[in-house]
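Asker:
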Amino acid sequence: EAVRKGGGGGEEEEEENGVAVVTSNQMPSPNADGLSAVYVCCTVDGRLYVGQTDKISQRIQQHRKTFGADIIVCFGLCREGGASMARAIEGKLISALRSKNFALLNSDLDSGRRMKSTI
863 EAVRKGGGGG
873 EEEEEENGVA
883 VVTSNQMPSP
893 NADGLSAVYV
903 CCTVDGRLYV
913 GQTDKISQRI
923 QQHRKTFGAD
933 IIVCFGLCRE
943 GGASMARAIE
953 GKLISALRSK
963 NFALLNSDLD
973 SGRRMKSTI
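Residue numbers (our numbering): 863 to 981.
This is how it looks when you write it as structure tokens:
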């Protein structure tokens, strides 16, 4: 189980193909912490942030403070390869999204780009 309900009473998303979705009233399962994860945060206006961490619950809480409580987070756990694999996937995902003209919240490099239509 990668996702558990929070206090908001919303529906719990199931992990599918190794990817879990966490909505505003959910947190990852405690079992997810300690494993390297690659994640994408999507804000209510469709902006994206891509990251990697070994503490997915903590990072989601930090991003909710920065980007708002209503972010949606998709994440996948790297059960093999650890942080090195997560960093490699993160970099490839950022490059792929930039190549398709998605504006990312990751850096100033992306701040001036026109965003592709929201997801």
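For glycine and all other residues, C-beta sits at the position ideal for the given N, C-alpha and C.
Can you name, in chain order, every residue of its own chain whose Cβ lies under 6 Å from the Cβ of residue 935, other than the five neighbours on each side?
Answerer: Excluding sequence neighbours, residue 935 sits near 884, 901, 903 and 922.
Asker: Got a sec, what are the start and stop residues for the alpha helix (DSSP H) residue 933 sits in?
Answerer: Element bounds for residue 933: n/a, residue is neither H nor E.
Asker: Should residue 914 go down as buried or exposed, given a rule of 16 or more other Cβ atoms within 10 Å for buried?
Answerer: Burial call: buried.
Asker: From which residue to which residue does the beta strand (DSSP E) around residue 899 run?
Answerer: Residue 899 -> beta strand (DSSP E) spans 898-904.
Asker: For the candidate residues 911, 927 and 943, whose alpha-carbon lies nearest to that of residue 959?
Answerer: Nearest of 911, 927 and 943 to residue 959, Cα basis: 911.
Asker: Report the residue from 953, 967, 939 and 945 whose alpha carbon sits nearest the alpha carbon of residue 882.
Answerer: Comparing Cα positions, the closest option is 939.
Asker: For residue 910, report the span of its beta strand (DSSP E) as first-last.
Answerer: Per DSSP, residue 910 belongs to the beta strand (DSSP E) from 910-915.
Asker: Using three-state DSSP, classify residue 937 as helix, strand or coil.
Answerer: Strand.
Asker: Nearest-angstrom Cα distance between residue 928 and residue 955?
Answerer: The straight-line gap from Cα to Cα measures roughly 21 Å.
Asker: Output needed for residue 917: all residues of its chain with C-beta closer than 7 Å, excluding positions within five of it in sequence on either side, in chain order.
Answerer: For residue 917, where only same-chain residues beyond five positions count, the Cβ hits under 7 Å are 895.
Asker: Leaving aside the five residues before and after residue 967 along the sequence, list all residues of the same chain whose C-beta is less than 6 Å from its C-beta, in chain order.
Answerer: Taken in chain order, the residues that qualify are 909 and 911.
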